[in-house]
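Asker: Below is one structure. I have some questions about it.
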Amino acid sequence: MFDNFPFWPTSASVHARYEDWLFIFLTVVSVVMTVLIFALIALFAMKYRRRHDHEATQIEGSLLLETVWSVLPFGVMLLMFAGGAVLYFSMRTPPQNADQVYVVAKQWMWKLQHMEGPREINQLHVPVDRNVELIMTSQDVIHSFFVPEFRIKQDVIPGRYTTMWFRATRVGTYHLFCAQFCGTMHSGMVGDIVVMDPHGYQAWMTNGQPSGGLAQTGMTLFQQLGCSTCHNMETQGRGPNLRGVFGNPVQLEDGRTVVADENYVRESILFPAAKVVSGFKNIMPSWQGQVTEDQLDQLIAYIRSLNPAPEGAATNAGAAGGNPPQSQ
Amino acid sequence: MATTAVSSERANYLNAEYGIRSWLFTTDHKRIALLYLISITAMFFVGGFFALLIRLELLTPAGDLLTADTYNKAFSMHGQIMVFFFLVPSIPAVLGNFLVPMMVGAKDLAFPRINLLSWYLYIAGAGLYIWCMMSGGVDTGWTFYTPFSSLFSNTHVVEAAMAIFIAGFSTILTGLNFVVTVHRMRAPGMTWSRLPLFVWSHYAVSLIMLLATPVIAITLLLMVLERALNLGIFDASRGGDPVLFQHLFWFYSHPAVYIMILPSMGVVSEIIPCFSRKRIFGYSFVAMSSIAIAVIGFLVWAHHMFVAGISLYSALVFSFLSYLVAVPSAIKVFNWTATMYKGSISFSTPMLYALGFIGLFTIGGLTGLFLACLGVDVHVHDTYFVIAHFHYVMVGGAVLGYLGGIHFWWPKIAGRMYPEGWGRLAAVVVFIGFNLTFFPQFIVGYLGMPRRYWQYPAEYQVYNVLSTAGASILAVGYLLPIIYLLWSLRYGKVASENPWQATGLEWRTASPPPTFNFDETPEVTWEAYEYDTMPLPEEVTLER
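Protein chains in written order, with the working numbering: chain A, 3 to 330; chain B, 821 to 1364.
Here it is as structure tokens:
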């Protein structure tokens, strides 16, 4: 019935239902306040309409009333603040066991690369009920990855990685929009998120091009570019051994400690002098302009794959950390 | 009949001198206000023309009427013109210029020649902008986000940014003039606690103008330098940070929202007591809430960036502060409403606009709470929900306040009454047209329609058709006042000194006022809004 006159967007992720409840709470409060103000104005307008037989009664104000109508609304607003903060924390904290997809945005298309191999353009196939993490960057201007049915959005920024995650709860095809204005065909930078049941997803995966995993491609590239001359994985070479580095703290030459996440690895490839690892010399050449965004993703996936599998690697479908709060 | 009255009129600021030079070289704040009135009205209709193009394109889901590039330019120039060349100067430069000196009992602003300079700067900026528009325009959105603006757009970004840069100095000078005038030029007896709330809100807004506008000037300059000289400040491939631009931009542009709304709140604080015949409820709370908005407004800018990759904890802080800044706005709404309690209310045109303001600003303010809410903002950010929200504040709030103020002080400005029946009709048409235009955008935004889309999925069409229909009604509501206000200049009933029996000092001098405002310096011995001492105005009739 509402096909041509939709009123409420489909809720298709774990965050969507919570977000809807929060939105309804805010709407109820707003409607109550709006009705209150409108009703008072209408009441006063009728009751105190100018007449010859009565004059205005002068009233200075009331400290009590001022206090009440400052403190009470602020109390309700704190509830809104808390509800929004809890949801936001969950949205911004990807679970450890999520399937990773690398996303490169460019004017005006989305390039998506699954860890296991398949590569897609303007379409992302994901299985239902699994955590999926997107690691995103842009080749040119700022874009924004927006899936209304999942109630999630994250800007995609050149020169760094931003991440987002979701768990689809409903099989179906949903909008993917670019939400940050990015030039002429901004409104054409759209696609589909295809949520499939596990069997369908398996079938789709095996039918995809057998290009090998992203990390596999990254390893080949690592050899081709000659990275392995210095970054020897068996012995300590001129550059640090990268085994077990990803996701862990790294001691720098200047005394600081940073976590070796995607952004750190990216920076170390493009601007090696920015953060030199303690005990090493600043001798690595910059790869700025020599590797593409897609190749950076491959290298990062490879370096990530050098880590031993985490202890008790949970199955993704399980309820391990990062789950959204339960909606009441 | 009415025309013969003019010749027998006493000397006033309009008939003091004749000829184009007497206007272009005037230092009279009232004449400068009129120069501004004419120029910003012209810019309003240019911006409105782009709004028309946008609404026509969005009538159908396919991109068919305009090309994608033309559409992108249309919404960019709509935003830039409306924000920088209409809304920011609207009430301060026209009504503020005209009224602040009179309200404090002064002959003019503190620096009359700087006041004229500010108008010339505005004209230089607006002229450069029009030239930029004529030579092809700009397509960056009003926000100029890097690196799109600095490295990718091949439109006239530099000209547009420099036009806004120049116009910014006009804002700074106006703010400076108001601050000094309010501090130094108050008439004897006009203490701070007797200042009209219109002056309080202009004082608050002047502080923002002085402190925030230089930041946008620097930001745009950096962006222009980056574009021209390839500095690399915002270029990630050279170690710069594109998101830094957003911090700098919103550090001005969020306070700028309050530059646009605070003066309207000042107007409403004058109109409601006058047409309720009552002292305003909670004078000091209304006055101090303006200052609170100005101060806290500087600390909320990153709520525009919750999905731009800022840290989790800074997002928390900015969300909290954004809720805090909502409190003083709520205080104002409650006080205006309470002012009507036990009043003696009449529904003249300015009052209709003021009541419309309260209603629409309430909705605009409450939907701001949705955007301050982190988890909800992630979904509605950069969708039509945001467009609806800020049009409720900027048009429903700022523009309705502006129109209400123009009607309220028209007798003082022009010395003539506007036709009351037409005035009320236009107010109702604006209210209906506005709601029909922008309310559907809340729904289509929640459904997920992103802003700045030239083409869109077909399921969003119904709401866009409603919006476009509303916009055509709104356009009629805007054109009506132009016609009857111009008509009233010649045929309107001659206005008395104080047709509304209002309390401000501006009503204790002739309509239109003499060049130096008062025949002798007024001495204030009464509190603000002493409506119990004022007689009721003449019955407002619908006769023309």
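Note that the Cβ used here is the ideal one computed from N, Cα and C, for glycine as well.
The structure presented is a predicted model; accordingly, all values stated were derived computationally and were not measured.
1) Run through chain B and tell me which residues come within less than 8 Å of Ile26(A), C-beta to C-beta.
2) Whole angstroms is fine: what's the gap from Gly257(A)'s alpha carbon to Val279(A)'s?
3) Who does Asp157(A) pair with in a DSSP beta bridge?
4) Is it buried or exposed for Phe9(A), if we count other Cβ within 10 angstroms and need 16 for buried?
5) Could you say if the region 1190-1203 of chain B and the region 1248-1255 of chain B meet the contact criterion of at least three C-beta pairs nearer than 8 Å?
6) State the beta-bridge partners of Trp167(A) as determined by DSSP.
7) Report the option in Glu1090(B), Thr1169(B), Gly1312(B) and Arg1272(B) whose CA atom is closest to the CA atom of Val1248(B).
8) Say whether chain A places a C-beta atom closer than 8 Å to the C-beta of Pro1062(B).
9) Taking Cβ to Cβ, would you say Gly1224(B) is nearer than 8 Å to Tyr1173(B)?
10) Checking contacts by CB at 8 Å: is Leu66(A) closer than that to chain B?
11) What residues of chain A sit near Phe1057(B), judged by a beta carbon separation below 7 Å?
12) Mind checking if Met198(A) is an interface residue toward chain B, Cβ cutoff 8 Å exclusive?
13) Residues in the region 1091-1104 of chain B with C-beta within 9 Å of chain A's C-beta atoms, listed in sequence order?
14) Residues bridged to Glu122(A) by DSSP?
15) With the cut-off set at 8 Å, would you say Ala1322(B) and Gly1235(B) are in Cβ contact?
16) Determine whether the Cβ of Met35(A) lies closer than 8 Å to any Cβ atom of chain B.
17) Can you give the Cα-Cα distance for Met1010(B) and Leu66(A), rounded to whole angstroms?
18) Should Leu1286(B) be flagged as near chain A, meaning a C-beta pair shorter than 8 Å?
19) Can you list the residues of chain B that Val143(A) reaches, using a CB-CB cut of under 7 Å?
20) Among all the DSSP beta bridges, which residues are the ones paired with Asp194(A)?
21) State the DSSP-derived secondary structure class of Ile840(B), mapped to helix, strand or coil.
22) How would you list, in chain order, the residues of chain A whose beta-carbon sits under 7 Å from the beta-carbon of Trp1274(B)?
23) Just checking: is the beta-carbon of Phe1154(B) within a distance shorter than 8 Å of some beta-carbon in chain A?
24) Count the other C-beta atoms from every protein chain shown that fall within 10 angstroms of the C-beta of Cys232(A), then say buried if there are 16 or more, exposed otherwise.
25) State the start and end residues of the unbroken beta strand (DSSP E) segment that holds Asp261(A).
26) For chain B, is any of its Cβ atoms less than 8 Å away from the one on Gly324(A)?
27) Go ahead and label Leu1049(B) buried or exposed: buried means 16 or more other beta carbons lie within 10 angstroms of its beta carbon, across all protein chains shown.
28) So within the region 1168-1213 of chain B, which uninterrupted alpha helix (DSSP H) runs reach at least 4 residues, ignoring any that extend past its ends?
29) Hey, quick one: how far does the alpha helix (DSSP H) through Asp101(A) stretch, first residue to last?
30) Give the secondary structure of Arg1272(B) by DSSP, where H, G and I count as helix, E and B as strand, and everything else as coil.
31) Can you give me the Cβ contacts of Ile1116(B) inside the same chain, cut-off strictly under 8 Å, excluding the 5 residues immediately before and after it?
32) Could you pull out every residue in the same chain whose Cβ sits closer than 6 Å to the Cβ of Lys1313(B), ignoring the five residues on either side in sequence?
33) Could you tell me the alpha carbon to alpha carbon distance between Ser827(B) and Asn835(B), rounded to whole angstroms?
34) Give the residues of chain B in contact with Pro11(A), contact being defined as C-beta atoms less than 8 Å apart.
35) In this structure, does DSSP put Ser140(A) in helix, strand or coil?
36) Quick check: is the beta carbon of Val1147(B) nearer than 8 Å to any beta carbon in chain A?
Answerer: Walking through what the data contain:
1) Per Cβ cutoff of 8 Å: no residues; Ile26(A) is ~10 Å from chain B at best.
2) Computed Cα separation, rounded: 9 Å.
3) Looking at the DSSP output, Asp157(A) bridges to Ser146(A).
4) Under a 10 Å Cβ-count criterion, Phe9(A) is classified as exposed, with fewer than 16 other Cβ atoms of the shown protein chains found around its own Cβ.
5) Taking a cut-off of 8 Å on C-beta distances, the region 1190-1203 of chain B does not touch the region 1248-1255 of chain B, as fewer than three cross pairs fall below it.
6) In the DSSP output, where bridge partners are listed per residue, Trp167(A) has Glu135(A).
7) Selected option, being the one with the closest Cα: Thr1169(B).
8) Taking Cβ atoms only, chain A reaches closer than 8 Å to Pro1062(B), which makes this a yes.
9) Judged by their CB atoms, Gly1224(B) and Tyr1173(B) are nearer to each other than the 8 Å cut-off.
10) At a cut-off of 8 Å between C-beta atoms, Leu66(A) does not count as an interface residue with respect to chain B.
11) It should be noted that the sequence gives Ser, not Phe, for residue 1057(B). The contacting residues are Gly161 and Gln290.
12) Answer no: the Cβ-Cβ gap between Met198(A) and chain B never drops below 8 Å.
13) Residues of the region 1091-1104 of chain B with a C-beta less than 9 Å from any C-beta of chain A: Phe1095, Ser1096, Arg1097, Lys1098, Arg1099, Ile1100, Phe1101, Gly1102, Tyr1103 and Ser1104, listed in chain order.
14) Within the DSSP secondary-structure output, Glu122(A) pairs in a beta bridge with Leu114(A).
15) In this structure, Gly1235(B) does not lie closer than 8 Å to Ala1322(B) by Cβ.
16) Cβ-Cβ to chain B under 8 Å: yes for Met35(A).
17) In this structure, the alpha-carbon of Met1010(B) lies about 28 Å from that of Leu66(A).
18) Not one chain A Cβ lies under 8 Å of Leu1286(B).
19) Ordered by position in chain B, the residues that pass the 7 Å Cβ test against Val143(A) are Pro967, Phe968 and Phe972.
20) Asp194(A) is bridged to Gln125(A) and His177(A).
21) Three-state result, Ile840(B): helix.
22) Within chain A, the residues near Trp1274(B) are Ser189.
23) So yes, Phe1154(B) belongs to the interface.
24) Counting Cβ neighbours within 10 Å, Cys232(A) comes out exposed, since fewer than 16 surround it.
25) Rather than Asp, the amino acid found at residue 261(A) in this sequence is Val. First-last of the beta strand (DSSP E) with Val261(A): Thr259 to Val261.
26) With a pLDDT of only 43 at Gly324(A), under 50, the local geometry of the prediction cannot be trusted, and the value read off the model is given with reservation. Chain B, which has no Cβ nearer than 8 Å to the Cβ of Gly324(A), makes this no.
27) Leu1049(B) comes out exposed.
28) Counting only runs of 4 or more, we get 1169-1192, 1194-1200 and 1204-1211.
29) Unbroken run through Asp101(A) is the beta strand (DSSP E), Asp101 to Lys108; no alpha helix (DSSP H).
30) Of the three classes helix, strand and coil, the one that applies to Arg1272(B) here is coil, per DSSP.
31) A distance below 8 Å between beta-carbons, with the five flanking residues on each side excluded, links Ile1116(B) to the following residues of its chain, in chain order: Leu1141, Leu1144, Val1145 and Pro1148.
32) Hits under 6 Å: Met1237.
33) Unreliable placement is indicated for Ser827(B), whose pLDDT of 46 sits below 50; no coordinate value is reported for it.
34) Under the 8 Å cutoff, chain B gives Tyr1266, Leu1267 and Gly1268.
35) Strand.
36) Contact of Val1147(B) with chain A is assigned, a C-beta pair being separated by under 8 Å.
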